[in-house]
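**Student:**
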Amino acid sequence: MLDKSNFFKHSAIAFSVRVVGALIGLVMTMTVTRTLPVAEAGMFFLAIAVMTVLASVSSLGLTAAFIRFIAGYIAENNWNVVNGVFTAGLKATFITASIVSGLLYFSSDFLASRVFDNIALAPVLKFVSFTIPFYALFQLIGFAFQGLNKSVIVIFIQTIFTPLFFVLLTGLSVYFGSVQSAKWLSGLFFVASMMTFSIGIWQWYRRQESRCKADYSRTLDLKNSALPLWIAGLMMILVQWSGQLIASTHVSAEQLAVFAVAQRLSLLTTFVLIAVNLVAAPRFASCSQLGNTDELRSTSIFCSRIMVFFVTPVLLFMLFFAEFLMGLFGDEYTQGAYLLQIMVFGQFINVVCGSVGFLLRMTGHEKDLRNTVLLSGPPALLLGFLIIPIYGVTGAAISTAVGIAAQNLLSVYMVKKRLGFNTLNLFN
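So the mapping is simple: the numbering used here equals the position in the sequence shown, first residue as 1, plus 178.
1) Would the stretch 547-566 count as touching the stretch 497-506 if we require 3 or more Cβ pairs under 8 Å?
2) Note down the Cα distance separating asparagine 470 from proline 406, rounded to an integer number of angstroms.
3) Give, in chain order, every unbroken run of the alpha helix (DSSP H) that is at least 4 residues long and sits entirely within the stretch 216-303.
4) Residues in the same chain with beta-carbon distance under 6 Å from alanine 440, minus the five sequence neighbours each way, listed in chain order, please.
5) Whole angstroms is fine: what's the gap from isoleucine 612's alpha carbon to alanine 463's?
6) Report the option in Ala500, Phe563 and Ser395 whose CA atom is closest to the CA atom of asparagine 256.
7) Could you pull the start and end residues of the alpha helix (DSSP H) that alanine 360 belongs to?
8) Roughly how many angstroms separate the alpha carbons of threonine 397 and alanine 266, rounded to a whole number?
9) Assuming leucine 224 contacts leucine 299 (C-beta within less than 8 Å), just tell me the rounded distance between them.
10) So, do the stretch 328-342 and the stretch 257-276 have three or more beta carbon pairs nearer to each other than 8 Å?
11) Among Gly199, Ala227 and Gly203, which has the Cα closest to the Cα of alanine 438?
12) Since methionine 229 contacts valine 306 with CB under 8 Å, what's their CB separation in whole angstroms?
13) Hey, could you find the ends of the alpha helix (DSSP H) arginine 539 is sitting in?
14) Arginine 385: which of Thr447, Thr477 and Ala322 sits nearest, CA to CA?
15) Using only the alpha-carbon positions, how far apart do cysteine 390 and leucine 400 sit?
16) State yes or no: is the C-beta of alanine 404 within less than 8 Å of the C-beta of leucine 547?
17) The alpha helix (DSSP H) that contains valine 489, what's its start and end?
18) What are the boundary residues of the alpha helix (DSSP H) that asparagine 603 is part of?
19) Taking the alpha helix (DSSP H) that glycine 562 falls in, what are its first and last residues?
20) Assuming valine 330 is part of the alpha helix (DSSP H), what are its boundary residues?
21) Enumerate, from N- to C-terminal direction, the unbroken alpha helix (DSSP H) stretches of 4 or more residues contained entirely within the stretch 311-355.
22) What residue from Val454, Gly411 and Arg246 has the CA that sits closest to valine 330's CA?
23) Does the Cβ of tyrosine 353 have 16 or more other Cβ atoms within 10 Å, making it buried, or fewer, making it exposed?
24) Can you give the beta carbon distance from phenylalanine 523 to isoleucine 424, rounded, assuming they're within the 8 Å contact cut?
25) Using alpha carbons as the reference points, say which of Val429, Tyr251 and Arg196 lies closest to valine 293.
26) Check aspartate 509 in the structure and name its three-state DSSP category.
Quick look at the structure:
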């Protein structure tokens, strides 16, 4: 049975550390907006969005598969398979990410001039292209630690180290009088990502268990699980970032910067979801591996209650003090308060629906998640293409919120169909 006090304790620890990560991410965004002119900040945020999407492509769906397989085989104390999964996954991701990085580097001029209609963006994309392999790898390493149920290490690797190093490097750069531009800050982000990867790989191989001989016998199973997850993950990240990417071809760099800041702020409402999932996902995988459906259900509903309880005050604060929050990044950004309010609603539905994505991933229903995302994602992208040319960043905010809400609500239905319980039914 679920030990609620122990689960809540670990969730509280993850939540506290995740709050630190959220604050550091906020400081990073403020550092960019306070260091660069609005147009330069818009180019930097756009380049980071492109890099994030391409890094997700490079992961080949292995992120969620890592949690499921590593947590499952840890439950059986089979470290040989765990090491085989980890090594094979990192090799495949490194090769793919390096190819994608090269493609972005050599196509930067074309993308900047023909797609984004901003030739000044080309050098920024070139610099950020080097980040893709390191970013994809340290994210994957973080998911491996999540499979080990090491939630604090996960948060540091995935959300704290890179923005922290970036802020420190930017501060040193300003102190020594270096020329500040989107290109320069993209270079600093690359260095920060490389430092995070180095720490992550060191943390993994310093463990005694990682020295066990790798067993690659489950590599094919990993591949078969990762493919539908890759398709689902790619569509999810496209829905999340499509508003910014599509808007970049229709609005000014200044407007794009305002939208990017509002979107990054709205994502703070999900830090509770992320913190709880860090603890819950490996437990979902273990319950599925051991066939314990009752504990799977009770864990899921308990997680949803925690998330709704903690995220509601954050939501209300963002809705009523949106202008104040946007003003923290500069007077030019207060005009985007309504964008923050629109996207907060989409993220709130994401939290209220619970850990539906992880439930489907960790219980072997990857194809159902893929089908759900493919059903909800394309209409959301089409909505963006239709309304962003007319309504600009307002259309981008609406299409982003609608896409995120639709994905999660359909996933709730699929969890009910496959696992037999409704994550929205919090008090039953």
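Virtual Cβ for every residue (Gly too), placed ideally from N, Cα, C. Since the model is a prediction, treat every value here as computed from it, not as a measurement.
**Tutor:** According to the structure shown:
1) no
2) Computed Cα separation, rounded: 24 Å.
3) 216-236, 240-253 and 257-288
4) Gly514, Leu517 and Leu518
5) Since the first residue of the chain shown is 179 and the last is 606, residue 612 is not available in this structure.
6) Scanning Ala500, Phe563 and Ser395 for the CA closest to the CA of asparagine 256 turns up Ser395.
7) 360-383
8) Their Cα atoms are separated by approximately 7 Å.
9) 7 Å
10) no
11) Out of Gly199, Ala227 and Gly203, Ala227 has the C-alpha closest to the C-alpha of alanine 438.
12) 5 Å
13) 534-540
14) Ala322
15) 19 Å
16) no
17) In this chain, the alpha helix (DSSP H) harbouring valine 489 covers 471-498.
18) No alpha helix (DSSP H) contains asparagine 603, which DSSP labels as neither H nor E.
19) 544-569
20) 329-333
21) Counting whole runs of 4 or more residues, the stretch 311-355 contains the alpha helix (DSSP H) stretches 329-333 and 339-353.
22) Val454
23) exposed
24) Not a contact, Cβ separation roughly 20 Å.
25) Val429
26) helix
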